[in-house]
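Comments concern the structure below.
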Amino acid sequence: MDLFDSLPPDTALTPMAPGAVLLHGFAREEDALLLQAIESVLTQAPLRHWQTPGGYTMSVGMSNCGPLGWVSGASGYRYTAQDPASSQPWPAMPESLMDLAQRAAAQSGYPHFEPDACLINQYAPGAKLSLHQDKDEHDLSEPIVSLSLGLPAVFLFGTASRADRPQRWRLVHGDVVVWGGPSRLAFHGVNALGDGEHSLLGRRRLNLTFRRVR
Ligand code: MD3
Ligand code: FE
């Protein structure tokens, strides 16, 4: 099968760096279905603003679905099987979300991606994510798939050295990025979200990251 056979006809691919590829608008035509699945997760496990180990309250609202979820507190970051707010397992990962992540990964050279965690980040205008690395997952040869919905964001994408000046990329509704290989330990972050109104999501941006943690 040709690598491009299962892409929507107008999907463009942009290599961002070795191991990182931007699939423009990959999720756009299923956006309403995906949003419905996300909202159903958020009903069961509402968004919350974690404390950082340094004592700050994060401006991004977060929740999870799938067997493992990312949480933060005074004692540090970790993945848990239960939502600390309810002591219940995180909601199951909806099939539509799992399927999207696996199609995007396959398209990008990862045909066997089986995520066991999906972190849901919600940005209101002004919310931001400071430059950081994602390295709490056991097998760093596994990629991370990210889905952006709603208002556009300026994404900062550096190298494995914090000192290097990051590139800036605009991520818009329906964009999917697959991060693997040499990009997996790159420092990255999100600039403060600009105000606006999105026709489907309103005044916010959602970003989902699909990960293989264990
Ligand atoms: C580059 N989220 O939750 S996803 C995060 O838009 C996070 O909410 C961002 O960074 C957001 O940790 C961006 C893009 C992303 C995710 C993982 C990466 C970029 C990455 C891992 C390595 C390099
Ligand atoms: Fe990250």
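For reference, each letter of the sequence shown is one residue, going 7 to 220 in the numbering used here. The beta carbon of each residue, even a glycine, is placed where N, CA and C say it ideally should be. Keep in mind the model is a prediction, meaning the values are calculated, not measured.
| Check | Outcome |
| --- | --- |
| Same chain, Cβ closer than 7 Å to Y85, neighbours up to 5 away in sequence not counted | L74, G75, W76, A123, D142, V219 |
| Nearest residue (CA-CA) to H179, options I150, S189, P117, F32 | F32 |
| Runs of beta strand (DSSP E) lying entirely within the stretch 106-187, each at least 3 residues, in chain order | 123-129, 135-138, 150-156, 159-163, 173-177, 182-185 |
| Simplified DSSP assignment, three categories, for R220 | coil |
| Residues bridged to L19 [DSSP beta-bridge criterion] | L29 |
| Beta-carbon proximity of G97 to Q173, cut-off 9 Å | Sequence inspection shows Pro at residue 97; the Gly mentioned does not correspond to that position. Not closer than 9 Å, so no. |
| Near the ligand MD3: Q139 beta-carbon under 8 Å from a heavy atom | yes |
| C-beta atoms of P188 and A43 nearer than 9 Å | no |
| Neighbourhood of P90 by C-beta, 7 Å cutoff - its chain only, sequence neighbours within 5 removed | V77 |
| Whole-angstrom distance between D181 and S154, CA atom to CA atom | 5 Å |
| Short Cβ contact (9 Å threshold) for S126 with C71 | The sequence as given places Ile at residue 126; Ser does not occur at that position. Contact flag set, yes. |
| Contact test: S154 Cβ vs the ligand MD3 heavy atom, cutoff 8 Å | yes |
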